[in-house]
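Asks: Just passing along the structure, written as structure tokens.
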Amino acid sequence: MSQVLKVEKVESFIVDIPTIRPHVLAMTTMSTQAMVIIRLLCSDGVEGLGEATTIGGLSYGQESPESIKLTIDSYIAPILALCDPSRPAAVMAAIGKAVTGNHFAKCAVETALLDAMGKRHGLAVSELLGGRVCDRLAVLWTLASGDTQSDIEEADKMLEQRRHRAFKIKIGKRPLAEDVAHVAAIKLAVGDRASIRVDVNQAWDEVTAKRGMAMLADVGVDLVEQPIPGTNRAAMARLKAMSGIPLMADEALHGPSDAFDFASSGCADVFSVKIAQSGGLSAGKAVSHIAEAAGVALYGGTMLEGGIGTAASAQLFSTFAKISFGTELFGPLLLTEEILAKPLTYSDFNLILPIGAGIGVSLDEDAVAAFRRDRTVRSIVTFPKALEV
Ligand code: MUC
Ligand code: MG
Numbered sequence: 001m002s003q004v005l006k007v008e009k010v011e012s013f014i015v016d017i018p019t020i021r022p023h024v025l026a027m028t029t030m031s032t033q034a035m036v037i038i039r040l041l042c043s044d045g046v047e048g049l050g051e052a053t054t055i056g057g058l059s060y061g062q063e064s065p066e067s068i069k070l071t072i073d074s075y076i077a078p079i080l081a082l083c084d085p086s087r088p089a090a091v092m093a094a095i096g097k098a099v100t101g102n103h104f105a106k107c108a109v110e111t112a113l114l115d116a117m118g119k120r121h122g123l124a125v126s127e128l129l130g131g132r133v134c135d136r137l138a139v140l141w142t143l144a145s146g147d148t149q150s151d152i153e154e155a156d157k158m159l160e161q162r163r164h165r166a167f168k169i170k171i172g173k174r175p176l177a178e179d180v181a182h183v184a185a186i187k188l189a190v191g192d193r194a195s196i197r198v199d200v201n202q203a204w205d206e207v208t209a210k211r212g213m214a215m216l217a218d219v220g221v222d223l224v225e226q227p228i229p230g231t232n233r234a235a236m237a238r239l240k241a242m243s244g245i246p247l248m249a250d251e252a253l254h255g256p257s258d259a260f261d262f263a264s265s266g267c268a269d270v271f272s273v274k275i276a277q278s279g280g281l282s283a284g285k286a287v288s289h290i291a292e293a294a295g296v297a298l299y300g301g302t303m304l305e306g307g308i309g310t311a312a313s314a315q316l317f318s319t320f321a322k323i324s325f326g327t328e329l330f331g332p333l334l335l336t337e338e339i340l341a342k343p344l345t346y347s348d349f350n351l352i353l354p355i356g357a358g359i360g361v362s363l364d365e366d367a368v369a370a371f372r373r374d375r376t377v378r379s380i381v382t383f384p385k386a387l388e389v
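Per our numbering, the very first residue in the sequence shown carries number 1; after that it's consecutive.
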């Protein structure tokens, strides 16, 4: 009789939570966030949690909440049934052979495997990834109400509460002059109290970006994120070469091979590392190593995940030797409801790393039950006990 550990049950479900205000990005306006949560039950009774969350359905990335769930249920769960969950790297390699792309779905699964492994051994996921360098991470806030005065009031409130002292302003939806005036007014209001960055979410062409980045440098912006489509690498390299402000790649980075290409072609000064876009925590870690080797600065990105994805991202980012531009791990704060049993702690401009095994958080089952999209029909994939590897 084999003693190999098994995955006995895979459950994935979508949770829809409203945002505290409309979140206006160049390509969509969010009023709710849909999070895909996965629960793996292993044969030793240990449960692993993971999350895959994207922004605005299919308007940001190539996977939607519905496609992530379908990929997990129909293509990944049957592989999990045949694998030993105490070997996450081997399981992810088996999944990689059968499932191309689908980085978000893979990220949720790897997170759950690492969470279970950490719980099994009494270790935080950061320890499994090499060990923490810090116990807290600087966290910025995105000003994206769509209204200049509301954004200024929001920034003032965050500064007073000592919650955030770096702000990312979403632009690219309005004409360039209006966007720059909006950013200039916010920078003038916060002065030296905060760092101001912008995220264009690929909305500009190269000509607009050249003009825009010069204008933003004049108003005191510290960082410009993904001003043009990430696929236009040559133009990213030209913008980096001419810009007086550091240029950050976000949508362009879908894991280690993009990171390698971007680093070797000098396309960005900074990489926004996202666990979901990278294809999981290990892939995100590889992105960070490529950046470090190439002298590219690091930033801890988010897909506006809830508590599970945010905790998992924090576990990884806490292992980076240096994270020059901080993180944007504020996702749970943008939502009206908490689904963690114990909310993450934000204090003195930082996210405090959760203490505890695995990713360090657990679900509030009542909150989850109240916000699950499938409140009536449940989809749980249970494997027959007799199944042998
Ligand atoms: C993005 O493009 O960076 C992260 C923070 C935020 O407000 O939006 C996301 C996506
Ligand atoms: Mg971005």
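Ideal placement from N, C-alpha and C gives every residue a C-beta, glycine not left out.
(1) Would you kindly report the start and end of the unbroken beta strand (DSSP E) that includes C42?
(2) What is the residue span of the alpha helix (DSSP H) that G48 lies within?
(3) What's the C-alpha gap between F320 and A105?
(4) If you measure between the beta carbons of I72 and A34, is that distance less than 8 Å?
(5) Between E388 and the rest of its own chain, which residues show a CB-CB distance below 6 Å, the 5 nearest in sequence each way excluded?
(6) Is it true that the CB of G130 sits closer than 8 Å to the CB of A124?
(7) Hey, is G326 close to the ligand MUC, as in C-beta under 7 Å from one of its heavy atoms?
(8) Excluding the 5 residues preceding and the 5 following M1 in the sequence, name in chain order all residues of the same chain whose CB lies nearer than 8 Å to its CB.
(9) Skipping 5 residues on each side, what residues in its chain have a beta carbon closer than 6 Å to that of E225?
(10) Compare the Cα-Cα distances from T111 to each of G279, R372, Y346 and report the closest residue.
(11) Quick one: residues in its chain with C-beta nearer than 6 Å to the C-beta of K157, no 5 flanking neighbours on either side, listed in chain order?
(12) Express the C-alpha separation of F13 and V368 in angstroms, rounding to a whole number.
(13) Would you call the segment 53 to 65 and the segment 229 to 237 in contact, with 3 or more CB pairs under 8 Å?
(14) Does the distance from the CB of A138 to the CB of T345 come in under 8 Å?
(15) Under the assumption that E455 contacts L143 (Cβ atoms under 8 Å), give the Cβ distance between them as a whole number of angstroms.
(16) Given the structure, does H23 come close to the ligand MUC, in the sense that its CB is under 7 Å from one of the ligand's heavy atoms?
(17) Could you pull the DSSP bridge partners for V10 from this structure?
(18) Output yes or no for whether 8 Å exceeds the beta carbon distance between A194 and A166.
(19) Could you check if A26 belongs to the surroundings of the ligand MUC, using beta carbon to heavy atom distance under 7 Å?
(20) Name the residue from G50, K6, L41, P343 whose alpha carbon lies nearest to the alpha carbon of A276.
(21) Go ahead and label I380 buried or exposed: buried means 16 or more other beta carbons lie within 10 angstroms of its beta carbon, across all protein chains shown.
(22) Under a criterion of Cβ closer than 5 Å to any non-hydrogen atom of the ligand MG, which residues qualify, in chain order?
(23) Specify the secondary structure class of E338 as computed by DSSP and reduced to three states.
(24) Considering K274, what are the terminal residues of the beta strand (DSSP E) in which it resides?
(25) Which first and last residues belong to the alpha helix (DSSP H) in which S126 is found?
Replies: For this structure:
(1) To locate residue 42, count along the sequence shown from 1; it is residue 42. Where C42 is concerned, the enclosing beta strand (DSSP E) stretches over 29 to 42.
(2) Stepping through the sequence shown from its first residue, residue 48 is reached at position 48. Looking at the DSSP string, G48 is not in any alpha helix (DSSP H); the run it does join, the beta strand (DSSP E), is 47 to 53.
(3) Taking the sequence shown and counting its residues from 1, the one referred to as residue 320 is at position 320. Taking the sequence shown and counting its residues from 1, the one referred to as residue 105 is at position 105. Spanning the two alpha carbons is a distance of roughly 24 Å.
(4) Residue numbering aside, residue 72 sits at position 72 when the sequence shown is read from its first letter. Residue numbering aside, residue 34 sits at position 34 when the sequence shown is read from its first letter. Not a contact, by the Cβ cut-off of 8 Å.
(5) Numbered from 1 along the sequence shown, position 388 holds the residue referred to as residue 388. Per-residue confidence for E388 stands at a pLDDT of 48, beneath the threshold of 50, marking its modelled position as unreliable; the derived number appears in the next sentence. For E388, where only same-chain residues beyond five positions count, there are no Cβ hits under 6 Å.
(6) Your numbering for residue 124 matches position 124 in the sequence shown. Your numbering for residue 130 matches position 130 in the sequence shown. For A124 and G130, no; Cβs fall outside 8 Å.
(7) Translated into the one-based positions of the sequence shown, residue 326 becomes position 326. No, Cβ of G326 sits at least 7 Å from all heavy atoms of the ligand MUC.
(8) As a first step, residue 1 is located in the sequence shown; it is residue number 1 there, counting from the start. The predicted model places M1 with a pLDDT of 46, which falls under 50 and marks its position as unreliable; any figure quoted below should be read in that light. The answer is none, since no qualifying residue turns up.
(9) Reading the sequence shown from its first residue, position 225 is the one you call residue 225. Result list for E225: D199, M248, D250, in chain order.
(10) For the purposes of this step, residue 111 is taken as the residue at position 111 of the sequence shown. Among G279, R372, Y346, the Cα nearest to that of T111 belongs to G279.
(11) Mapped onto the sequence shown, residue 157 falls at position 157. So the list is empty, once near-sequence residues are dropped.
(12) Looking up residue 368 in the sequence shown gives position 368. Looking up residue 13 in the sequence shown gives position 13. If I take the Cα positions, the gap works out to 10 Å.
(13) no
(14) One-based indexing of the sequence shown puts residue 138 at position 138. One-based indexing of the sequence shown puts residue 345 at position 345. In this structure, T345 does not lie closer than 8 Å to A138 by Cβ.
(15) Absent from the model: residue 455. The displayed extent of the chain is 1 to 389, so no value can be given.
(16) Residue 23 sits at position 23 when you count from the first residue of the sequence shown. Answer for H23: yes, Cβ within range of the ligand MUC.
(17) Stepping through the sequence shown from its first residue, residue 10 is reached at position 10. In the DSSP output, where bridge partners are listed per residue, V10 has L40, V381.
(18) Within the sequence shown, the letter at position 194 stands for residue 194. Within the sequence shown, the letter at position 166 stands for residue 166. For A194 and A166, yes; Cβs fall inside 8 Å.
(19) As a first step, residue 26 must be located in the sequence shown, where it is residue number 26. Outside the cutoff, so no.
(20) The residue you call residue 276 lines up with position 276 of the sequence shown. Minimum Cα distance to A276 is reached at G50.
(21) Taking the first residue of the sequence shown as position 1, residue 380 is located at position 380. When all chains shown are included, I380 counts as exposed.
(22) D199, E225, D250
(23) The residue labelled residue 338 in the question sits at position 338 within the sequence shown. In the structure shown, E338 sits in coil (DSSP, three-state: anything other than H, G, I, E or B).
(24) Counting from 1 along the sequence shown, the entry for residue 274 is found at position 274. It is not in any beta strand (DSSP E) - K274 carries neither H nor E in the DSSP assignment.
(25) Within the sequence shown, numbered from 1, the residue matching residue 126 stands at position 126. Start and end: 125 to 128.
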